[in-house]
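Just so you know, my numbering puts 92 at position 92 of the sequence shown, and the rest follows in order with no gaps. These notes are about the structure you will find just below.
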Amino acid sequence: MWAGAGGEGAKHWMHILTEIKNRGVNDVLMLVCDGLKGLPDAVGTVWPQTVVQTCVVHLLRNSFRYAARQDWDKISKLLRPVYTAATEEAALERFAEFADAWGKKYPAIVRLWENAWEEFTPFLRFDTEIRRTVCTTNAIESVTPGSGGRSRPVGTSRTSRPR
C-alpha cells in the first residue's frame, strides 16, 4: 500500500506500477479499477497485455449521480440486464433498450456508459462465477483505508462522491 498525497493521475500511477514491476511483477492479467483517470493508461504502458476492467459497481453508482432518486429503481432494473448479459452483443442490445427508455431524460447516464463501454465489457468474456470477482473493486475497498470496510448495494444513498 502507498500512503500519501500522490494524487490519482497518470504520473502517480506510472510511478506505483513501475515500482511494482521493478519488485518482480512481470505481468498482470486483469486490473479492475473504479474510473481513475490515469490508471488505465499507466497500466497499458507498464503491462501492455493487461485487460483493464471498469468496476461495474462504481459505474452504476456514478449512473445514479445523474438521476433523480425516484427513478433509481427503474434505472437499476433496466441496467441489470446490461451487466448480467451473457455476451457483449447481448449487453449492447440491452443497453440500447436502456438508452431508448432513459436517454432523453438522462443523456449523461447514456454517455457515461458509452464512454466506459470498452473497459466495462471485458468481464463479460468470463463465466458467471468469475464475473462476480472481476467486475468490482469492492473486495479490495473492504480492506482499504478510507472505505470504512463498507460496500453499499447499488441504488442506496451515498452522500460522498464515489472514489
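Note that beta-carbon positions come from the ideal geometry of N, C-alpha and C, so glycine has one too.
{"query": "Quick one: grab the DSSP three-state call for residue 49.", "result": "coil"}
{"query": "Helix, strand or coil, according to DSSP, for residue 142 in the structure here?", "result": "Here the model assigns residue 142 a pLDDT of 44, short of 50, so the residue's position is not dependable, and the following value carries that caveat. Coil, per DSSP."}
{"query": "Which one of 38, 68, 109, 34 has the shortest CA to CA distance from residue 10?", "result": "38"}
{"query": "Measuring only the C-alpha atoms, how far is residue 83 from residue 40?", "result": "20 Å"}
{"query": "Going by the CB atoms, is the gap between residue 78 and residue 63 shorter than 8 Å?", "result": "no"}
{"query": "Roughly how many angstroms separate the alpha carbons of residue 66 and residue 118, rounded to a whole number?", "result": "21 Å"}
{"query": "How long is the line joining the alpha carbons of residue 91 and residue 13, rounded to whole angstroms?", "result": "30 Å"}
{"query": "Which residue from 102, 128, 42 puts its Cα closest to that of residue 51?", "result": "42"}
{"query": "Answer with buried or exposed for residue 109, where buried requires no fewer than 16 other C-beta atoms within 10 angstroms of its C-beta.", "result": "buried"}
{"query": "Along the alpha helix (DSSP H) that carries residue 28, what are the first and last residues, could you check?", "result": "No alpha helix (DSSP H) holds residue 28; DSSP gives it neither H nor E."}
{"query": "Determine the contact status of residue 8 and residue 29, defining contact as a CB-CB distance below 8 Å.", "result": "no"}
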